[in-house]
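Notes for the one structure printed next.
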Amino acid sequence: VLVAWSAPDFAAAQAARRSAAGDPWAALPAALRLRAEALAADAARGHLVLFIGAGVSAGAGLPLWDDLLGELATTAGLDSGAPERTSFAALNTLDRAEYLAQRLRDRGGVGQAVVDRLGAHRHYSLGHALLAGLPVDEAITTNYDRLFETACAATGRPCAVLPYAPAVEHDRWLLKMHGCLEHPEDIVLTRENYLRYAERNAALAGIVQAMLITRNMLFLGFSLGDDNFLRIVDSVRRAVRPVNGSGARRSHLGSAVMLADNPLLRQLWHDEIEWLCVGEPGRSIAEAARLSEIFLDCLSSHAAASTHLLDPRFAHVRTPADEALAALLDPLCDAPREVRAAAAWPLVAELLTRLGRAP
């Protein structure tokens, strides 16, 4: 794993990787590589928004939803060998959570039980780190943990957590659809929570709707089966009508990275979500997960800003085109006082600073 000290260091390292003789992403199928590069262009233009599901946190050792319910069942006294556990397993997922909420009501509640299980985990995954390093200002998650927030802080670009902090406090934000470990009373897990979600969290749902309509949403570690998400998508379908009045669905909501293919699920979303499957017959889940990290690494490298361009420390990694551009921009860094008095100078100074050399 390559860790850079600053944004210019990171940009220079990625530029060197892209121009190196070897291919860091040779393991990626050509089609996936092209999509990673296209998504990187979306990210660089500010058109990409992330939707982070439980699969990303699973890479850090946290349980998926079914596994979490199983662990909470043990906490609630439903031992794995008990006859009651068999009946519990036969319930719908939301009904299982509802039953656990009843069992745990006198022990601080199911939200507190979730905090007790997940709250001590502090180490984020490589997936979190790669996502946090993208030039993306908006992200949405159904996860309760704070691993993505921790990864963002490590990059030097912390994120405001909605709805608990104003987005204006930082230049990026993370919307936690289903609550946060720091607020166990807000955790959305049970059937009752889901039934009342639209009533209690209409503003949050509205943000997700807006992102689906105005951005390209990249889904990672998400099964596309969450009931609240499906209601939000249905609202978008009804709100966005084709200009020609044909009644066809909106052509594109986003792209989903999937570890395993499900042809039927892919067909259900075929005209709305681009299916980016890293799994194939004969490839294990672990191998598919590794390939998804390589996909994100490719995306991250091609989305990296050129914050090293004017930094003399990194002149050796410039391409001929970079050299030509740097030669034109360098004199501006030493512009005389009368030039700096121009009304547009602050914009020029900001650009030069972003490219690695403050005037």
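Numbering follows my numbering, in which position 139 of the sequence shown is assigned residue number 148; successive positions increment by one, without gaps. From the three backbone atoms N, C-alpha and C, an ideal C-beta is built for every residue, glycine too.
For Ser28, I'd like the list of residues in its chain whose CB is within less than 8 Å of its CB, leaving aside the five on either flank, ordered along the chain. Locating residue 28 in the sequence shown gives position 19, counting from the first residue. Taken in chain order, the residues that qualify are Val326 and Thr328.
Ala176 to Ala169, Cα distance in whole Å? Numbered from its first residue, the sequence shown carries residue 176 at position 167. Numbered from its first residue, the sequence shown carries residue 169 at position 160. Ala176 and Ala169 have their C-alpha atoms spaced approximately 5 Å apart.
When we look at the beta-carbon of Asp235 and count the other beta-carbons within 10 Å, is it buried (16 or more) or exposed? Indexing the sequence shown from 1 puts residue 235 at position 226. When all chains shown are included, Asp235 counts as buried.
Start-to-end residues for the alpha helix (DSSP H) that takes in Val170: Mapped onto the sequence shown, residue 170 falls at position 161. Under the DSSP assignment, Val170 falls outside any alpha helix (DSSP H), being part of the beta strand (DSSP E) whose first and last residues are Ala169 to Leu171.
Straight-line CA distance for Pro167 to Thr83? Start at 1 with the first residue of the sequence shown, and residue 167 comes out as number 158. Start at 1 with the first residue of the sequence shown, and residue 83 comes out as number 74. Near 36 Å, if we compare the C-alpha coordinates of Thr83 and Pro167.
Here's the rule I'm using: 16 or more other beta-carbon atoms within 10 Å means buried, otherwise exposed. How should Arg44 be labelled? Numbered from its first residue, the sequence shown carries residue 44 at position 35. It counts as buried.
Going by DSSP in three states, Ser264 sits in which element: helix, strand or coil? Translated into positions along the sequence shown, residue 264 becomes position 255. The answer is strand: DSSP assigns Ser264 an E or B state.
Runs of alpha helix (DSSP H) lying entirely within the stretch 152-187, each at least 4 residues, in chain order: Within the stretch 152-187, the complete alpha helix (DSSP H) runs of at least 4 residues are 156-163.
From Gln197 to Ala35, what does the alpha carbon distance come to, in whole angstroms? What you label residue 197 is simply residue 188 of the sequence shown in a count that begins at 1. What you label residue 35 is simply residue 26 of the sequence shown in a count that begins at 1. Going by the sequence as given, residue 197 is Val instead of Gln. Per the coordinates, the alpha-carbon of Val197 lies some 41 Å from the alpha-carbon of Ala35.
Does Gln111 pass the burial test, meaning 16 or more other C-beta atoms within 10 Å, or should it be called exposed? On the sequence shown, position 102 is the one that residue 111 refers to. Burial call: exposed.
By alpha-carbon positions, which one of Trp182, Gly142 and Leu184 ends up nearest to Gly165? Counting from one through the sequence shown, the residue named residue 165 turns up at place 156. For the residues Trp182, Gly142 and Leu184, the minimum Cα distance to Gly165 belongs to Gly142.
Would you mind working out which of Ala40, Ile216 and Leu127 sits nearest Leu184, comparing C-alpha positions? Locating residue 184 in the sequence shown gives position 175, where the first residue counts as 1. Comparing Cα-Cα distances from Leu184 to each of Ala40, Ile216 and Leu127, the minimum goes to Ile216.
Measuring alpha carbon to alpha carbon, tell me which residue in Arg366, Asn225 and Leu139 is nearest Gly55. As a first step, residue 55 must be located in the sequence shown, where it is residue number 46. When only C-alpha atoms are compared, the closest one is Asn225.
Return the bridge partner residues of Val58 from the DSSP annotation. Locating residue 58 in the sequence shown gives position 49, counting from the first residue. Answer by DSSP bridge pairing, in chain order: Met226.
To the nearest angstrom, how far is it from the Cα of Leu227 to the Cα of His311? In the sequence shown, the residue the question calls residue 227 occupies position 218. In the sequence shown, the residue the question calls residue 311 occupies position 302. Distance between the alpha carbons of Leu227 and His311: 16 Å.
At the level of alpha carbons, what is the spacing between Val124 and Gly117? For the purposes of this step, residue 124 is taken as residue 115 along the sequence shown, with counting starting at 1. For the purposes of this step, residue 117 is taken as residue 108 along the sequence shown, with counting starting at 1. Each residue's alpha carbon lies about 11 Å from the other.
DSSP-derived helix/strand/coil call for Ala284: For this step, residue 284 is matched to residue 275 along the sequence shown. Reading off the sequence shown, one finds Trp at residue 284, where the question assumed Ala. Under the three-state reduction of DSSP output, Trp284 falls in the strand class.
The beta strand (DSSP E) enclosing Ile149, as first and last residue numbers: Working through the sequence shown from its first residue, we reach residue 149 at position 140. Per DSSP, Ile149 belongs to the beta strand (DSSP E) from Glu147 to Thr150.
Boundaries of the alpha helix (DSSP H) in which Thr95 is found, first to last residue: Counting from 1 along the sequence shown, the entry for residue 95 is found at position 86. Per DSSP, the unbroken alpha helix (DSSP H) holding Thr95 starts and ends at Pro92 to Ala98.
Helix, strand or coil at His130 [DSSP, three-state]: Reading the sequence shown from its first residue, position 121 is the one you call residue 130. Three-state result, His130: coil.
Just how far apart, CA to CA, sit Ala162 and Arg181? Here the question's residue 162 lines up with position 153 in the sequence shown. Here the question's residue 181 lines up with position 172 in the sequence shown. So the two alpha carbons sit approximately 11 Å from each other.
Are the CB atoms of Leu139 and Ser309 within a distance shorter than 8 Å? Position 300 of the sequence shown, counted from the start, is the residue given in the question as residue 309. Position 130 of the sequence shown, counted from the start, is the residue given in the question as residue 139. In terms of Cβ geometry, Ser309 and Leu139 form a close pair [threshold 8 Å].
Whole-angstrom distance between Trp354 and Ala336, CA atom to CA atom: Counted from its first residue, the sequence shown places residue 336 at position 327. Counted from its first residue, the sequence shown places residue 354 at position 345. Their backbone Cα atoms lie some 19 Å apart in a straight line.
Do you know offhand how far Leu78's Cα is from His179's? On the sequence shown, position 69 is the one that residue 78 refers to. On the sequence shown, position 170 is the one that residue 179 refers to. Approximately 34 Å, taken between the alpha carbons.
Are the CB atoms of Gln121 and Pro193 within a distance shorter than 8 Å? As a first step, residue 193 must be located in the sequence shown, where it is residue number 184. As a first step, residue 121 must be located in the sequence shown, where it is residue number 112. Yes, Cβ-Cβ distance for Pro193 and Gln121 is below 8 Å.
Leaving out five residues before and five after Leu71 in sequence, what residues of the same chain have Cβ atoms less than 7 Å from its Cβ? What you label residue 71 is simply residue 62 of the sequence shown in a count that begins at 1. Listed in chain order, the non-local C-beta contacts of Leu71 below 7 Å within the same chain comprise Leu127, His130 and Asp154, local neighbours out to five positions each way being set aside.
Are the Cβ atoms of Val242 and Leu262 separated by less than 8 Å? Start at 1 with the first residue of the sequence shown, and residue 242 comes out as number 233. Start at 1 with the first residue of the sequence shown, and residue 262 comes out as number 253. A distance below 8 Å separates the beta carbons of Val242 and Leu262.
Whose CA, out of Ser244, Thr223, Arg200 and Leu190, lies closest to the CA of Ala211? As a working note, residue 211 is residue 202 in the sequence shown. Taking only the C-alpha atoms, the option nearest Ala211 is Ser244.
Specify, as a first and last residue, the run of the alpha helix (DSSP H) that Arg44 falls within. In the sequence shown, the residue the question calls residue 44 occupies position 35. Annotation for Arg44: the continuous alpha helix (DSSP H) segment containing it runs Ala39 to Ala53.
What does the Cβ neighbour count give for Ser293, buried or exposed, with the cut at 16 atoms within 10 Å? Translated into the one-based positions of the sequence shown, residue 293 becomes position 284. Around the beta carbon of Ser293, fewer than 16 other beta carbons lie within 10 angstroms, which makes this residue exposed.
Paired residues, beta bridge with His192 - DSSP: Numbered from 1 along the sequence shown, position 183 holds the residue referred to as residue 192. Under DSSP, His192 shares a beta bridge with Cys189.
With a Cβ-Cβ cutoff of 8 Å, do Gly365 and Asp320 count as a contact? Along the sequence shown, one-based indexing puts residue 365 at 356. Along the sequence shown, one-based indexing puts residue 320 at 311. Against a cut-off of 8 Å, the Cβ pair of Asp320 and Gly365 comes out as a contact.
Let me check understanding here. Comparing Cα to Cα, which of Leu360, Asp18, Leu274 and Val12 lies closest to Arg322? Walking along the sequence shown from the start, residue 322 turns up at place 313. Per the C-alpha coordinates, the member of Leu360, Asp18, Leu274 and Val12 positioned closest to Arg322 is Asp18.
When Pro38, Glu147, Glu296 and Leu11 are compared against Ala53, the one with the closest alpha-carbon: Within the sequence shown, residue 53 is the residue found at index 44, counting from 1. The residue with the shortest Cα to Cα distance from Ala53 is Glu147.
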